[in-house]
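I have placed the structure first, in the form of structure tokens, so that the comments after it can refer back to it.
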Amino acid sequence: DGGITQSPKYLFRKEGQNVTLSCEQNLNHDAMYWYRQDPGQGLRLIYYSQIVNDFQKGDIAEGYSVSREKKESFPLTVTSAQKNPTAFYLCASSLQGAGNTIYFGEGSWLTVV
Amino acid sequence: AQSVTQPDIHITVSEGASLELRCNYSYGATPYLFWYVQSPGQGLQLLLKYFSGDTLVQGIKGFEAEFKRSQSSFNLRKPSVHWSDAAEYFCAVTPVNDMRFGAGTRLTVKP
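From first to last, the protein sequence lines are chains A and B. So the first sequence is residues 1 to 113, counted in the numbering used here. So the second sequence is residues 114 to 224, counted in the numbering used here.
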């Protein structure tokens, strides 16, 4: 089945550690996105990529990094510089261009302990 | 700057009652508008979207939305709510190459 796969679903991290969230899609979409979701704040854009080997910062990129070496994959690294990383992270993808529907993965919960 | 506002954080309706969730956007031109639904701990599912043409858009699960340019609104409606509609609803706009979301409205359905 076509879709977006995020892993792991649940992740615990100690303070000071970097963690990487995986996102893979088999929809042949050019564009991929990472959003962070906190209660009462909706979804906030972290990074997005319109094409392989290129990506742009969203509204809250500080403390995060991404790579886009393959069309299907867009991993997100939450670095130790991110001061409040505990959140629900959503990966998404779409065809390139304004107005295309964005499709979401099931999300990953990150908790800092 | 482009923005989306959902004025109601939480709405409670009785099962079988009608529903209207409000969404207002701020954008210079007519944007592409979307409504998504999210069950707890899950990703978002598209309910419907508006690009152009008929201002009344039909979606899945019996939902519809009406685009009103004069009011910069894109409100979501359902004539009769079912208990399974309890979820969080997000309005979104795509000005250019990304998508901006409202803060969401949580819907509770009373039996």
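For each residue, glycine too, the CB sits at the ideal point set by N, CA and C. Remember, it's a predicted structure, so these values are computed and weren't measured experimentally.
- Message: Are the CB atoms of residue 223 (chain B) and residue 127 (chain B) within a distance shorter than 7 Å?
- Response: Locating residue 127 (chain B) in the second sequence gives position 14, counting from the first residue. Locating residue 223 (chain B) in the second sequence gives position 110, counting from the first residue. Result yes, Cβ atoms of residue 127 (chain B) and residue 223 (chain B) sit closer than 7 Å.
- With 7 Å as the threshold, decide whether the Cβ of residue 145 (chain B) is near any Cβ in chain A. Within the second sequence, the letter at position 32 stands for residue 145 (chain B). Under the Cβ criterion of 7 Å, residue 145 (chain B) is counted among the residues facing chain A.
- Message: Considering only the alpha carbon of each residue, which of B:146, B:201, B:130 and B:138 lies closest to residue 195 (chain B)?
- Response: Counting from one through the second sequence, the residue named residue 195 (chain B) turns up at place 82. Among B:146, B:201, B:130 and B:138, the Cα nearest to that of residue 195 (chain B) belongs to B:130.
- Query: Any Cβ of chain A within less than 7 Å of the Cβ of residue 121 (chain B)?
  - Reply: To locate residue 121 (chain B), count along the second sequence from 1; it is residue 8. Answer no: the Cβ-Cβ gap between residue 121 (chain B) and chain A never drops below 7 Å.
- CB residue 172 (chain B) to CB residue 157 (chain B), shorter than 7 Å? Position 59 of the second sequence, counted from the start, is the residue given in the question as residue 172 (chain B). Position 44 of the second sequence, counted from the start, is the residue given in the question as residue 157 (chain B). Cβ atoms of residue 172 (chain B) and residue 157 (chain B): not closer than 7 Å.
- Task: Go ahead and pull the three-state DSSP assignment for residue 158 (chain B).
- Result: Translated into the one-based positions of the second sequence, residue 158 (chain B) becomes position 45. In this structure, residue 158 (chain B) counts as strand in the three-state DSSP scheme.
- For residue 132 (chain B): DSSP bridge partner residues: Position 19 of the second sequence, counting from 1, holds the residue named residue 132 (chain B). Residue 132 (chain B) is bridged by DSSP to B:191.
- Query: Between the Cα of residue 88 (chain A) and the Cα atoms of A:14, A:10 and A:2, which residue gives the shortest distance?
  - Reply: Here residue 88 (chain A) refers to the residue found at position 88 when the first sequence is read from its first residue. Cα-wise, what sits closest to residue 88 (chain A) is A:10.
- Item | Start and end residues, beta strand (DSSP E) containing residue 223 (chain B) | As a first step, residue 223 (chain B) must be located in the second sequence, where it is residue number 110. That run of the beta strand (DSSP E) goes 218-223.
- Query: So, helix, strand or coil for residue 13 (chain A), using DSSP?
  - Reply: Here residue 13 (chain A) refers to the residue found at position 13 of the first sequence. Reduced to three states, the DSSP call for residue 13 (chain A) is strand.
- Query: Quick one: Cα of residue 153 (chain B) to Cα of residue 165 (chain B), how far?
  - Reply: Here residue 153 (chain B) refers to the residue found at position 40 when the second sequence is read from its first residue. Here residue 165 (chain B) refers to the residue found at position 52 when the second sequence is read from its first residue. Straight-line Cα distance between these residues: approximately 31 Å.
- Out of B:211, B:203 and B:212, point me to the one whose CA is closest to residue 39 (chain A)'s CA. Looking up residue 39 (chain A) in the first sequence gives position 39. Nearest of B:211, B:203 and B:212 to residue 39 (chain A), Cα basis: B:203.
- Considering only C-alpha positions, which residue in the set A:63, A:25 and A:14 is nearest to residue 106 (chain A)? Within the first sequence, numbered from 1, the residue matching residue 106 (chain A) stands at position 106. Of the listed residues, the one whose Cα sits closest to residue 106 (chain A) is A:25.
- Three-way DSSP call (helix, strand, coil) for residue 44 (chain A) in this model: Walking along the first sequence from the start, residue 44 (chain A) turns up at place 44. Of the three classes helix, strand and coil, the one that applies to residue 44 (chain A) here is strand, per DSSP.
- Residues of chain A with CB under 8 Å from residue 216 (chain B), in chain order? Position 103 of the second sequence, counted from the first residue, corresponds to residue 216 (chain B). In chain order: 40, 41 and 42.
- Among residues of its own chain, excluding the 5 on either side of residue 41 (chain A), which ones have a beta-carbon nearer than 8 Å to its beta-carbon? Counting from 1 along the first sequence, the entry for residue 41 (chain A) is found at position 41. Sequence-distant Cβ neighbours of residue 41 (chain A) in its own chain, meaning closer than 8 Å and more than five residues away, do not exist here.
- Message: Short of 7 Å Cβ to Cβ, which residues in the stretch 95-108 of chain A face chain B?
- Response: Per Cβ criterion, the list reads 98, 99, 101, 102, 104, 105, 106 and 107.
- Query: Of all the residues that make up the stretch 150-164 of chain B, which are near chain A by a beta-carbon distance shorter than 9 Å?
  - Reply: The residues in question are 151, 154, 155, 156, 157, 158, 159, 162 and 164.
- Task: Take residue 70 (chain A) and list the residues in its own chain whose beta-carbon comes closer than 8 Å to its own, dropping the five residues that flank it on each side.
- Result: For this step, residue 70 (chain A) is matched to residue 70 along the first sequence. Close CB contacts of residue 70 (chain A) within its chain, under the 8 Å cut and outside five residues either way in sequence, are with 52 (chain order).
- Mark residue 218 (chain B) as exposed unless 16 or more other C-beta atoms lie within 10 angstroms of its C-beta, in which case mark it buried. To locate residue 218 (chain B), count along the second sequence from 1; it is residue 105. Result: buried.
- Message: Looking at residue 112 (chain A): is its Cβ nearer than 7 Å to the Cβ of residue 85 (chain A)?
- Response: As a working note, residue 112 (chain A) is residue 112 in the first sequence. As a working note, residue 85 (chain A) is residue 85 in the first sequence. The Cβ atoms of residue 112 (chain A) and residue 85 (chain A) lie closer than 7 Å to each other.
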